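Below is one structure, written out as structure tokens, with a few remarks after it.
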Amino acid sequence: MNLITVDKSKCLKCGLCVADCPSCILDMGPDGPECNVDRGCMSCGHCVAICPVGAMENKYTPREEMVPVPKKKWTEQEVYDFLRSRRSMRQFRKEAPRDEDILKLLNVCRYAPTAGNSQGMYFTVIRNPGTIEAIRNATADWMQAEVDAGTANKRYFKAVLHTYHEKHADIITRNAPALVFLSARRLNITGVSNSEQTVAYAELFAPAIGLGTTIAGFVQACGIAGYQPLLDLVGVPPKQKLVGCMMVGYPRVKYQLMPERQHLKYEFKD
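The sequence shown begins at 19 in our numbering and counts up by one.
In structure tokens, the structure reads:
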């Protein structure tokens, strides 16, 4: 079929592309890799990216759109410190993040892993203060309904609602100047896990462009539960379901230390 083309003058018949194909749709023929189907490809681009001599081409992931893997090798300590320095930001400056900064943040999210390389994450950015206030009030209403229904979250939700209503502290959206909602196709049963990995990419990248983020857990839970007043405020696109939410803004504080975490719990089993 026409899914792949191979430059036979370059191909080494090393089999790397065949072995690395997640969908197992490539076979090694007498003249190099072959694909006898035009469906089943998940467009991951591995077959093109792994070829050591540039002989492979895939119509869904063109070589001309790829860039070389950086040659810089970060040390183990550099990567360890980078990951450990990530902080969930809950104190933001008042001004809403600029379009260009949000777009930089969302652009890197395109490269987060998704089940079956399904991708397809849709983002809705809300910066209107009145709408954000309505969203946190709707979330509080949902939490109160959960408390009244006697759910397993009753004690925890009651404590949060006490802080929100009696102490007048925004423990729900943390006075964030922007909320970013993630939605996926309704039939995508891995939408929530895909969203979690996407948000992780955003959280790691955000400090590089001067942004702070954290998961808006209460709002996210309310949306995943399908609370209609919230979905109406967000305006989830047709045929989509809300699967995630994060707060975004310019940090108001800077952390000086990297807190310790619980000791590693593990065991090796044969």
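Note that CB positions come from ideal geometry on N, CA and C, so glycine has one too.
Since we're looking at a predicted model, the values are computed, not measured.
query                                                                                                   : result
Near the ligand FAD: Arg-108 beta-carbon under 7 Å from a heavy atom                                    : No copy of the ligand FAD appears in this structure; indeed no ligand is present at all.
Boundaries (first-last residue) of the alpha helix (DSSP H) holding Cys-53                              : No alpha helix (DSSP H) holds Cys-53; DSSP gives it neither H nor E.
Euclidean distance between Cα positions of Glu-164 and Lys-272                                          : 36 Å
C-beta contact flag for Ala-196 and Gly-267 at 8 Å                                                      : yes
Nearest to Ala-243 (by Cα), restricted to the options Val-210, Met-265, Glu-221 and Phe-141             : Val-210
Segments of 4+ residues assigned as alpha helix (DSSP H) that fall wholly inside the segment 80–113     : 94–102
Meets three-Cβ-pair contact criterion under 8 Å: the segment 245–262 and the segment 199–210            : yes
Assigned secondary structure, Gln-274 (DSSP; H/G/I helix, E/B strand, else coil)                        : coil
Buried versus exposed, by CB contacts within 10 Å (16 or more), Thr-169                                 : exposed
Alpha-carbon to alpha-carbon, Tyr-140 and Cys-69                                                        : 32 Å
Entirely enclosed alpha helix (DSSP H) segments - the segment 141–183, minimum 4 residues               : 147–166 and 172–183
Check whether Pro-133 and Tyr-219 have beta carbons under 8 Å apart                                     : At residue 133 the sequence reads Ala, which differs from the Pro that was named. Contact flag unset, no.
Under 8 Å between C-beta atoms of Met-84 and Ala-67                                                     : yes
Same chain only: Cβ atoms within 6 Å of Cys-292, ignoring 5 sequence neighbours per side                : With the chain represented from 19 up to 288, any question about residue 292 goes unanswered, as that position is not in the structure.
For Gln-246, three-class secondary structure by DSSP                                                    : helix
Whole-angstrom distance between Tyr-245 and Ile-43, CA atom to CA atom                                  : 42 Å
Cβ neighbours of Ala-152 in the same chain (closer than 8 Å, five flanking residues each side left out) : Leu-251
Span of the beta strand (DSSP E), counted from its first residue to its last, around Ser-200            : The sequence as given places Leu at residue 200; Ser does not occur at that position. Looking at the DSSP string, the run of the beta strand (DSSP E) that includes Leu-200 is 196–203.
At least three beta-carbon pairs within less than 8 Å, the segment 180–188 to the segment 98–107        : no
Rounded straight-line distance, which links the Cα of Leu-200 to that of Asn-212                        : 10 Å
Spatial distance of Met-107 from Leu-222 (CA atoms)                                                     : 12 Å
Three-state secondary structure assigned by DSSP to Cys-263                                             : strand
For Pro-147, the nearest candidate out of Ala-177, Val-126, Lys-112 and Asp-117 (CA to CA)              : Lys-112
Alpha-carbon spacing of Val-198 relative to Val-143, whole angstroms                                    : 5 Å
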